[in-house]
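Novice: Got a structure here, written out as structure tokens. Questions coming.
In the working numbering, the protein residues as written are 1069 to 1603.
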């Protein structure tokens, strides 16, 4: 592979006169060609015609120290060497017109000469891969400035630098931790999802679509993506959120796009609208599938052109915002039914992430319980904790299939808040946990609650948990009939009304007594033992 160096002639650093004394001074463009361990096959020297004499002397001296080096002239003549736009445009034009051959040649960009403006432009072009090379720096010898100096090659693949790679890794971990609200989640699938979202949030300004059931945390995640982008100085404006399910008719148009005074009945003053409020910031449209088709059409134009018409206005309004959309619907189905515009779906379906339900990541329930307790302490200035037995009991239930967590984190947040509020001495006890489990079962399934409610009056929670669902359903009905009957024999006649006719001697009382004894119960317990029922 040939080594090719691009460098700008230094009309100050490279010029040390024309006499023999010039060899007593360090000249970077000549010096870079003097290193035996770094052979330069071709030097592409950029300079203005007015520096022709300096260039001829420099090229002549390069031939002395490195006869094998071919030197070519590339015209570089900005009218104003300190005009960033002009210098960048000239260097960009040179890079586009040059016939690079990276399969056969290595390219190095000499950064020691040239103005600060040109050095910055060369760096940017190299970093952007317009120039497929590495940066080259050279410095004079500390002992003898006329001797061979030192050179350093800088590879812009930053992953090759251990300290920088370590810093990037730390930044990534901090970003992931931020998106997860500092919660040490254990679900590998969820952690992988967060890594993908962190990478997209850091590198893309295109819309994001967050899908998942109600309560999985779409709003919270959108807010944290915004804050992460603010930390990285990617956004300047506000975080603006709206639940599209609350928007209807003229209110939808006005809320999103604004209106002029008198645009409709009740429009007594001008309103900017949420899209304008989100200029330079982030707009989160939750339940975007609830938007009407007219609003969808205007939103599409605002996304593509960054401009839209407020209601009643003949003048366009500009707003450059990033969009995050949320939905619990399958928008593909909505598109097929004509309820959602196909072109808008294509525009927001570039980065789509489905957030798993709480029941799908039960391994993350325990750290989220601790997070909810921290949040409660933060908002109420009181630190509340479970005692050991209570925590174990609640976790056992929360991790079991008995807890479907239908409303996901909303259910968990409400549950922890209730127990923390009722806790005496800032401690959540087993009694509070047992009551909360009954509440949750009632909220999720009234049949399950009825079973639990009936059984809990005569049995301890541990006993109930050790009974199969089949037996719970049967036992619940037996107890109800026993409570409604005057005597044990009366209850037995009702319970065994069919099979008792098939026996010569119908001993209903004995059969009922044996059935109840299987669960450690008897008639007196059912009739008289009561436990307080939760509100």
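Glycine residues also receive a C-beta, built at the ideal position from the N, C-alpha and C atoms.
Near residue 1591, what residues of its chain come up, given a Cβ to Cβ distance below 6 Å and the 5 sequence neighbours on each side ignored?
Specialist: 1556
Novice: Taking the alpha carbon of residue 1351 as the point to measure from, which residue in 1439, 1310, 1329 has its own alpha carbon closest?
Specialist: It is 1310 whose Cα lies nearest to the Cα of residue 1351.
Novice: Anyone know if the C-beta pair for residue 1604 and residue 1113 falls short of 8 Å?
Specialist: A query on residue 1604 cannot be resolved here, the shown segment of the chain reaching from 1069 to 1603 and no further.
Novice: In whole angstroms, give me the CA-to-CA distance for residue 1510 and residue 1344.
Specialist: 45 Å
Novice: Below 7 Å CB to CB, which residues in the same chain sit around residue 1116 once its five sequence neighbours on both sides are set aside?
Specialist: 1144, 1145
Novice: Flag this pair as yes or no: are the beta carbons of residue 1641 and residue 1455 separated by less than 8 Å?
Specialist: Because the chain here runs from 1069 to 1603, residue 1641 falls outside it and cannot be looked at.
Novice: Quick check on the DSSP output: the beta strand (DSSP E) that includes residue 1308 runs from which residue to which?
Specialist: Run containing residue 1308: 1307 to 1311, per the beta strand (DSSP E) assignment.
Novice: I believe residue 1526 touches residue 1593 by the beta-carbon criterion, under 8 Å. Please report the beta-carbon distance rounded to the nearest angstrom.
Specialist: Taking a contact as a CB-CB distance under 8 Å, the pair residue 1526 and residue 1593 counts as one, their CB atoms being some 6 Å apart.
Novice: Among 1086, 1134, 1166, 1253, which one has its Cα closest to the Cα of residue 1141?
Specialist: If you compare the alpha carbons of 1086, 1134, 1166, 1253 with that of residue 1141, the shortest gap goes to 1166.
Novice: With H, G and I counted as helix, E and B as strand and the rest as coil, what does DSSP make of residue 1439?
Specialist: helix
Novice: Excluding five sequence neighbours on each side, which residues of the same chain lie with their C-beta closer than 6 Å to the C-beta of residue 1283?
Specialist: The residues 1475, 1476, 1477, 1478, in chain order, have a CB closer than 6 Å to that of residue 1283 in the same chain once the five nearest residues on each side in sequence are set aside.
Novice: Would residue 1353 pass as a contact of residue 1393 if the rule is Cβ separation under 8 Å?
Specialist: With respect to residue 1393, residue 1353 sits close: the two C-beta atoms are nearer than 8 Å.
Novice: Just how far apart, CA to CA, sit residue 1338 and residue 1376?
Specialist: 16 Å
Novice: Return the Cβ separation of residue 1436 and residue 1480 in integer angstroms, given the expectation that the two are a contact with Cβ distance under 8 Å.
Specialist: 6 Å
Novice: The beta strand (DSSP E) that contains residue 1178, what's its start and end?
Specialist: 1173 to 1178
Novice: Distance check for residue 1539 and residue 1522, CA to CA, integer angstroms please.
Specialist: 13 Å
Novice: Please identify the residue among 1552, 1296, 1308, 1470 whose C-alpha is closest to the C-alpha of residue 1272.
Specialist: It is 1296 whose Cα lies nearest to the Cα of residue 1272.
Novice: Within the continuous alpha helix (DSSP H) that includes residue 1205, where are the two ends?
Specialist: The continuous stretches of alpha helix (DSSP H) do not include residue 1205, which lies in the beta strand (DSSP E) extending over residues 1202 to 1207.
Novice: Here's a check: name, in chain order, each residue in its chain whose Cβ is nearer than 7 Å to the Cβ of residue 1200, leaving out the five neighbours to either side.
Specialist: 1168, 1170, 1175
Novice: Report the residue from 1151, 1163, 1416, 1101 whose alpha carbon sits nearest the alpha carbon of residue 1605.
Specialist: A query on residue 1605 cannot be resolved here, the shown segment of the chain reaching from 1069 to 1603 and no further.
Novice: What does the Cβ neighbour count give for residue 1601, buried or exposed, with the cut at 16 atoms within 10 Å?
Specialist: In this prediction, residue 1601 has a pLDDT of 42, which is less than 50 and means its spatial position is unreliable; what the coordinates show is noted afterwards. With fewer than 16 Cβ atoms within 10 Å of its Cβ, residue 1601 is classed as exposed.
Novice: Which same chain residues, not among the five before or five after residue 1384, have their C-beta less than 8 Å away from its C-beta?
Specialist: 1375, 1376, 1377
Novice: Helix, strand or coil for residue 1271? Go by DSSP, reduced to three states.
Specialist: Residue 1271 sits in a helix when the DSSP states are folded into three classes.
Novice: Comparing alpha-carbon positions, which option in 1275, 1281, 1286 lies nearest residue 1262?
Specialist: 1286
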